[in-house]
Every structure is written in structure tokens, then in C-alpha cells.
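With the first letter of the sequence shown counted as 1, position 45 gets the number 409 in our numbering; the numbers rise by one all the way through.
Built from N, CA and C at the ideal position, the CB exists for glycine as well.
Since the structure is predicted, the reported quantities are computational estimates derived from the model, not experimental observations.
Presented below is the structure to which this report refers.
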Amino acid sequence: MYVSERGNDRVMKWVEGSKQGIVVAGGQGYGNGLTQLSCPGGVVVDQLGTVYVVDDENGRIMGWPKGATQGSAIVCGNGRGGQSNQLNRPIGLSIDRHGNLYVVD
């Protein structure tokens, strides 16, 4: 199970029966660096184990390949706003069986 923690600016992976989660995205405090998230929202994981997460306050969708120590801006990364190269307040994600990523903004 994957848990997006808005207050801790990270995404945790919890394996059934474990007593402790593993940070798989963010976890380096609030910010806009490639190791940081700012109020993460929706999270999905593809068949290769890449974690995609809504980075709400930064107006971007971040992707962390399995085992990566930093992510990359998959969608946007130009701050929040209403321009064609920006997201305003993204909240949710979904991946279909063909690997297409859908974003709720």
C-alpha cells in the first residue's frame, strides 16, 4: 500500500504485516527540489514500479522510478497557474492498462 502524507511531504510504501513504512518519494522536507514535495496528493504506481505523485503546492506531477533517490517533473514543473504549461491545484491521478497517465487538476 502507498500512502501520500501531506503533512510530512512524502509518499510511504507499507508492506502488509510490516511495522514501518519505507519512503519512496519526497521525505526531504517541504520544497520544490527533486527530492522534495509540497503537500503531496494522489499517488499511483505503474507496472514497472514507478511512483507518480501529485505535488500540489508546486503544481506538478513527479515520478520516481523504483529505487530512485530523486524524482523528476513528469508533468509541468513551471509553478502553479493557468497557463498552458502549468497546473493550478492538481489533486488526483490514474493510470490505465495502456500506461496512460490521467491527471485531475
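Distance from Lys377 to Tyr366 at the Cβ level is roughly 6 Å; contact confirmed, criterion being Cβ atoms closer than 8 Å.
Just so you know, the alpha carbons of Gln411 and Gly445 end up roughly 31 Å apart. Taking C-alpha positions only, Tyr394 is separated from Glu369 by approximately 11 Å. Here Cys440 is bridged, per DSSP, to Arg424.
Here Asp420 is not near Cys440, since their CB atoms are 8 Å or more apart. For Val379, the secondary structure class from DSSP, reduced to helix, strand or coil, is coil.
Taking Asn396 as the centre and dropping the five residues before and after it, the same chain places the C-beta of Asn422 closer than 6 Å to its C-beta, in chain order.
Here DSSP, grouped into helix, strand and coil, assigns Gly391 to coil. Asn464 and Gly381 have their alpha carbons spaced roughly 31 Å apart. When DSSP states are grouped into helix, strand and coil, Pro454 belongs to the coil group.
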